[in-house]
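**Student:**
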Amino acid sequence: MIVAIIIVLFILVVISMYNSLVRKRNQIENAFSTIDVMLKRRFDLIPNLVATVQQYAKHEADTFAAITEMRNKTYTSLNDSEKAEFDKMFSNVRTQFFAVAENYPELKASENFLQLQRSLNETEEQLAAARRTYNASVTDYNNAVQTFPTNLLAGMFGFTRKAVLTIPEAERATPDVKNLFNS
Numbered sequence: 000m001i002v003a004i005i006i007v008l009f010i011l012v013v014i015s016m017y018n019s020l021v022r023k024r025n026q027i028e029n030a031f032s033t034i035d036v037m038l039k040r041r042f043d044l045i046p047n048l049v050a051t052v053q054q055y056a057k058h059e060a061d062t063f064a065a066i067t068e069m070r071n072k073t074y075t076s077l078n079d080s081e082k083a084e085f086d087k088m089f090s091n092v093r094t095q096f097f098a099v100a101e102n103y104p105e106l107k108a109s110e111n112f113l114q115l116q117r118s119l120n121e122t123e124e125q126l127a128a129a130r131r132t133y134n135a136s137v138t139d140y141n142n143a144v145q146t147f148p149t150n151l152l153a154g155m156f157g158f159t160r161k162a163v164l165t166i167p168e169a170e171r172a173t174p175d176v177k178n179l180f181n182s
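In numbering that gives the first Met the number 0, the protein residues as written are 0 to 182.
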């Protein structure tokens, strides 16, 4: 009788650990889908921003060409790694884009541009929050996959470590505020 109880308890513990790993993996997928939604929103804002700024800054072709090149693909045709690459590329081009906008006082006063800029900033804030949630979910999952005793079960059922999202090295540098005021 005691052996049967121990076996049942063992099975219940294994089921509980397995379900916990599945829930954590699903939480990661949910967190990434939130990032995906924010990237799609950002992706859809780009043509409106470009069209608005192009009316004021026709000769700033290089920055617009880079943005347009990124936008030429349909978002749904991108796989997860291409979406992450788009995110990195956009972060670099966004800085150049707003630098161009700063050179046109009449553009900065345009209500359409200001609304689009606010929308993009809001999207960026939501994207940052979604990235934090994703990384927290990945850390929780990785802890479960790598700690005893769930690591034994994780290995048997093919649960593997996931990578956290990182920012490009260029974005880690301290901004040179002095040069911003010298422009």
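C-beta: ideal position from N, C-alpha, C; glycine also.
As the structure is a prediction and not an experimental result, all values here were calculated from the model.
#1: My output table needs one value for alanine 162: the three-state DSSP class, helix, strand or coil.
#2: What do you get for asparagine 142, buried or exposed, if any count of 16 or more other CB atoms within 10 angstroms of its CB means buried?
#3: Would the beta-carbon of valine 137 fall within 8 Å of that of valine 163?
#4: For isoleucine 34, which option in Lys161, Asn134 and Asn47 has the closest C-alpha, if you only look at C-alpha atoms?
#5: Quick check on this structure: which residue in Asp139, Phe156 and Arg41 has the alpha carbon closest to the alpha carbon of arginine 117?
#6: In whole angstroms, give me the CA-to-CA distance for glutamate 84 and alanine 129.
#7: Keeping to the same chain, check which residues put their C-beta closer than 7 Å to that of arginine 161; ignore five residues upstream and five downstream.
**Tutor:** In short:
#1: coil
#2: exposed
#3: yes
#4: Asn134
#5: Arg41
#6: 17 Å
#7: According to the sequence displayed, residue 161 carries lysine and not arginine. Ile27, Val137, Tyr140 and Asn141, listed in sequence order.
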